[in-house]
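Inspection log for the structure reproduced underneath, given as structure tokens.
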Amino acid sequence: MFVKWSIRVAVILIFLVAIVLLWDFAKKKIFGSEPPQPIITHNITIDQIEAMGKLELVKYKFRDVLEYKVGNSSWYGTGSKILVIISGEAVGCIDLTKIKKEDIFEDSTKLYIKLPPPELCYSKVNHQESKTYDIESGLFGKFNDKSSQALENAYKEAEKKIKELALEANILDQTKKNAELILKPTLEQIAKKKVVFKYDLESIKIEKEIKTLK
0 MFVKWSIRVA VILIFLVAIV LLWDFAKKKI FGSEPPQPII THNITIDQIE
50 AMGKLELVKY KFRDVLEYKV GNSSWYGTGS KILVIISGEA VGCIDLTKIK
100 KEDIFEDSTK LYIKLPPPEL CYSKVNHQES KTYDIESGLF GKFNDKSSQA
150 LENAYKEAEK KIKELALEAN ILDQTKKNAE LILKPTLEQI AKKKVVFKYD
200 LESIKIEKEI KTLK
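In numbering that gives the first Met the number 0, the protein residues as written are 0 to 213.
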């Protein structure tokens, strides 16, 4: 008696499992397979952007003639005068490591990115391309300690001058413009969306909320 009852229970269970399997198969045929789950790529995009680091977007090159005087060169041994043809460069960049999760806002078609302000990455004198045109250093000739110190000071002044010239030539504005030309296409390839650079994401969020309420 017990054996017959066990067989009946087993048959019923097998029948129920078969029904479930058949229903699952029929559901896929009738309604199609379940839509694929969306893949969250937001953090991946941020990681890829940050990995770019400080992105150099513009380089300015300068050549200038600098005259640097120390003391009174008209008196023997009391002064130095350096005349140097300076070659230097300045580079504008954007530090993408400063972009955080809250600096990125996206909708179905666009990715909005709040960029850090452009900055002057560096300005320097290219010593190999710079040439000493004339040196005067009193009684001891051009190779004395006073003359060498004057030359070193001349290069320091040249570095300051290159930085000033770069800022006066609007290198930061050009860096921002080049971000649109160079950086945007790269980020659009990463995000697979149209990229819009902004410096105030709060206005975008408010605008989106107003449109949603309407």
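Beta carbons are placed, not taken as given, at the ideal position from N, Cα and C, and that holds for glycine.
*Go to Glu118, then tell me how far its beta strand (DSSP E) extends in each direction, as first and last residue.*
Glu118 to Val124
*Between Ala149, Thr96 and Leu119, which lies nearest to Leu166 when the distance is taken from Cα to Cα?*
Leu119
_Inter-residue CB distance, Ser129 and Ile85 (contact presumed, cutoff 8 Å)_ = 5 Å
*Go ahead and label Lys80 buried or exposed: buried means 16 or more other beta carbons lie within 10 angstroms of its beta carbon, across all protein chains shown.*
buried
*With DSSP as the reference, label Ser129 as helix, strand or coil.*
coil
*If I'm right that Leu150 touches Cys92 with Cβ under 8 Å, what's the distance once you round it to whole angstroms?*
No, Leu150 and Cys92 are not in contact; Cβ-Cβ is about 30 Å, not under 8 Å.
*Secondary structure at Ser147, three-state DSSP: helix, strand or coil?*
helix
_Going by DSSP in three states, Ala168 sits in which element: helix, strand or coil?_
coil
*Which two residues bound the contiguous alpha helix (DSSP H) that contains Glu187?*
Lys183 to Ala190
*Close beta carbons around Lys176, own chain, < 8 Å, minus the five adjacent residues each side*: none
*asked:* Using C-beta distances below 8 Å, list every residue in its chain close to Lys192, excluding the 5 sequence neighbours before and after it, in chain order.
replied: Glu105, Thr108, Lys109 and Leu110
*Is the shortest distance between the beta-carbon of Asp94 and the beta-carbons of chain B less than 7 Å?*
In summary, chain B is missing from the structure at hand, where a single protein chain is found.
_Per DSSP, the bridge partner or partners of Ser86_ = Arg62
_Our contact map puts Ala89 next to Ser122 with C-beta atoms below 8 Å; I'd like the distance itself, whole angstroms only._
4 Å
*How far does the beta strand (DSSP E) with Leu95 in it reach, from first residue to last?*
Here Leu95 belongs to no beta strand (DSSP E), and DSSP marks it neither H nor E.
*Which class does Leu180 belong to by DSSP, given the choice of helix, strand or coil?*
helix
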